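Below is one structure, written out as structure tokens; the observations come after it.
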Amino acid sequence: MSEAYQLVLELSPYDYSLNPDERRTLLLINLLITEDVLTMDHFADLFYVSRLTIIRDINTLKKQEVIMSKYIETLRGEGVILKMNQSEKREYLFTLFLENIDAKGYINYVGMQILRAFDGSMEYLDFLGFIFNELKYAEKYQQFDLFVYIFIVINMPRKEQGESPKFVVMSENLSILIDQIEKRFDRTISFEDKQAIAEFCHLKKRKNVKDAELYNLVIYFLNKIDEDLGTTLKYEFDLISDLYNHLQIIEEENIILDIENIGLLRHQFMDIIVAVRANSGVIENYLSRSFNESFITTIAIHIATALTRQEYKMSKIDIWIVCENLSIAKMIAMKISRYKQFKIMNVLTLATYRKMCFRQKANRLILTADPLPFLEEDVLRITPFVTQEDIQNIVKTVDRLFTINEEETEEKFDQFVQQPQRKLHDYLLNSHVIRIDQKCSWEHSLRLAGKVLTQNECIEQSYVEEVVENVKQNGPYIVISEGVALAHANNRGNVHRSTISLLTNKQKISYGSEDYFQVTYVFFVALVRSEEYLEIVEDIMFLGKYGLIEKYLRFRQEEADGLFRRKEIHM
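Per the working numbering, the sequence shown starts with residue 251, numbered consecutively.
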């Protein structure tokens with residue numbers, strides 16, 4: 251981590267005038283990324299301000315950042331230090347980054363100054379892959395994808411001697427950069443994308459750009475990113491771009507990449523990794539370990555988890571308001587925004603919407619005050635004044651779009667339970683199901699789920715500790731579908747019998763800040779033979795995806811009660 255941090259530390263704000271909030275954010279980041287005592291003179295020189303200003307900034311931080319007040323320690327005559335352990339620093343740094351990721355504050359500063367450490371966009375892109383692996387960059391946040399896609403890949407940076415670094419996009423430079431991207435990632439940027447890129451760069455150079463113009467282009471790129479399968483793989487950040495093309499090839503060969511078929515992906519993965527390693531020095535450095543079966547399975551599961559999250563996101567109905575007149579669209583948005591259950595994703599004119607290119611039909615409900623017969627999307631026409639009847643119609647339409655085919659789900663469940671060879675049936679005993687109704691941290695939930703297995707001498711306590719440490723190190727990747735976590739670790743001789751426990755809690759267990767990471771079911775998996783792991787994951791993902799976990803538990807209990815009654819009859 252020190253190499254990546256050193257690059258950040260070396261960035262100078264000399265050419266960029268920091269406002270007080272940005273300066274305090276950077277001051278805090280400097281404290282987070284070092285274990286040394288930093289003097290007031292150090293910060294004064296770094297930010298080109300007086301020592302008195304730095305002292306005021308530190309006092310302000312203690313007041314504004316309540317959590318920081320007990321960690322920031324000022325040593326008389328020496329300087330200031332942050333009394334945090336590495337895990338706490340990493341978590342807080344990640345939170346701080348997310349708070350400043352929207353092209354303001356720290357992210358804007360880095361965008362302006364990062365060129366001091368790098369010669370070009372590609373080197374910068376490689377750096378981002380490295381630093382976010384080091385920082386354990388977790389899943390989610392389209393804003394960061396947008397930042398990388400537009401700011402890094404699209405903008406050609408140029409630094410004039412004696413001037414501040416500027417992002418000036420000349421037509422010939424843009425053409426050269428696009429050629430580099432196409433060659434490096436072995437993919438073609440479409441003509442529509444190039445047009446949008448050029449338009450974006452043109453707007454960047456203009457003064458007094460209207461927010462609506464930039465906003466519409468941002469939405470365009472967000473949709474492009476949403477549709478890129480590769481960008482859902484957050485845990486292997488530096489694999490995203492390189493894997494995209496290979497995943498696309500697999501998809502074109504009609505291999506279905508969904509959570510019920512990740513076994514197919516696993517068989518393809520060795521060739522993919524070999525190809526990736528051959529084409530990327532960054533990947534070579536990052537993935538220098540040997541590729542055994544367990545490692546390949548882990549990466550395949552990460553992809554499957556990412557796909558599940560994408561499915562969860564897409565299952566939510568996004569409301570777009572599209573009208574001939576933008577003022578009317580904004581008026582509708584203002585009225586609907588009072589109803590918190592509706593998620594308004596975009597407000598735009600019909601002309602702008604027509605220019606957008608969507609490769610797939612999304613779960614998108616278009617609200618309009620105009621007749622829009624040509625759209626393939628789900629369209630609901632309402633009045634500009636949004637009456638109560640309009641709201642009722644929106645609710646009914648959203649409910650209809652969320653409707654699940656219960657007969658299909660029932661059929662899938664029957665097929666699942668009628669397969670006696672499934673390992674989940676053997677390893678999840680009714681006596682290993684724990685039900686609680688209490689506030690519970692993610693770590694405590696894992697320890698409770700593991701405790702029943704240690705008490706039955708299926709595993710040793712060291713296995714539980716490894717499971718907990720995995721989450722601390724890698725983030726909430728064990729949340730494999732909405733409300734469902736699957737905890738596991740490698741068998742290092744501390745698993746004596748393959749078994750699974752399940753903790754269910756009536757109160758949500760938070761594994762992360764998003765709704766997706768609020769967990770009700772914690773499966774604790776311990777396997778003697780790692781090759782069985784993939785099947786277990788598939789089974790649990792299936793039950794989680796269709797909301798069948800409770801139904802499965804009832805089935806298992808009824809099955810056990812039936813066996814018990816039959817034994818009594820024969821006795």
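The C-beta atom is built at its ideal place from N, Cα and C for all residues, glycine as well. Predicted model only: the values in this text are computed from it and were never measured.
Using C-beta distances below 6 Å, list every residue in its chain close to residue i, excluding the 5 sequence neighbours before and after it, in chain order.
i	result
Glu-747	Before going further, note that residue 747 is Arg rather than Glu in the sequence given. Hits under 6 Å: Cys-708.
Thr-324	Val-330
Ile-790	Leu-736 and Phe-773
Thr-754	Arg-685 and Tyr-771
Thr-599	Leu-576
Ser-695	Leu-753, Ile-759 and Val-772
Tyr-391	In this prediction, Tyr-391 scores a pLDDT of 32, lower than 50, which makes its location untrustworthy; the coordinate-derived value is nonetheless stated afterwards. Cβ neighbours of Tyr-391 beyond the five flanking positions: none.
Asp-687	Lys-756
If you follow the beta strand (DSSP E) that residue i is part of, which residue opens it and which one closes it?
i	result
Phe-773	768-776
Val-629	628-631
By DSSP's criteria, residue i is part of a beta bridge. Which residues make up the other side?
i	result
Gly-329	Leu-325
Arg-614	Asp-568
Val-597	Ile-571
Ile-750	Leu-678 and Val-775
Ser-760	Gln-768
Asn-309	Note: Asn-309 sits in no beta bridge, so no partner.
Check residue i in the structure and name its three-state DSSP category.
i	result
Ser-538	Here the model assigns Ser-538 a pLDDT of 35, short of 50, so the residue's position is not dependable and the matter cannot be decided.
Leu-288	strand
Gln-669	coil
Ser-300	coil
Lys-320	coil
Ile-506	Its pLDDT being 35, under 50, Ile-506 is placed unreliably in this model, and the value from its coordinates should be taken loosely. If DSSP states are grouped into helix, strand and coil, Ile-506 belongs with coil.
Asn-643	helix
Thr-659	helix
Asn-335	coil
Tyr-470	For Tyr-470, the pLDDT reaches just 44, beneath the cut-off of 50, and the residue's location in the model is therefore unreliable, leaving the point undetermined.
What are the boundary residues of the alpha helix (DSSP H) that includes residue i?
i	result
Lys-585	576-586
Gly-794	783-795
Thr-275	270-282
With 8 Å as the threshold, decide whether the Cβ of residue i is near any Cβ in chain C.
i	result
Thr-303	No chain C appears in the structure shown, which is made up of a single protein chain.
Who are the near neighbours of residue i in its chain, counting only those whose CB is closer than 7 Å to its CB and skipping five residues on each side?
i	result
Glu-716	Ala-739
Asn-720	Ala-739
Thr-633	Ala-619 and Asp-640
Val-597	Ile-571, Ala-579, Lys-580 and Ala-583
Ile-594	Ile-569, Ile-571, Ala-583, Ile-586 and Ser-587
Leu-803	Val-683
Go through its chain and collect everything with a Cβ distance to residue i's Cβ below 8 Å, but skip five positions before and after it.
i	result
Ser-760	Ser-691, Trp-692, Phe-767, Gln-768 and Val-769
Leu-311	Arg-274, Leu-277, Leu-278, Met-318 and Ile-322
Ile-308	Leu-277, Ile-322, Thr-324 and Val-330
Met-697	According to the sequence provided, residue 697 is Arg. The question's Met does not apply to it. Hits under 8 Å: Val-714 and Val-718.
Please give the ranges of any beta strand (DSSP E) in the segment 680-745, keeping only runs that are unbroken, at least 3 residues long and fully inside the region. Taking only runs of at least 3 residues, the beta strand (DSSP E) segments lying wholly in the segment 680-745 are 729-731 and 734-737.
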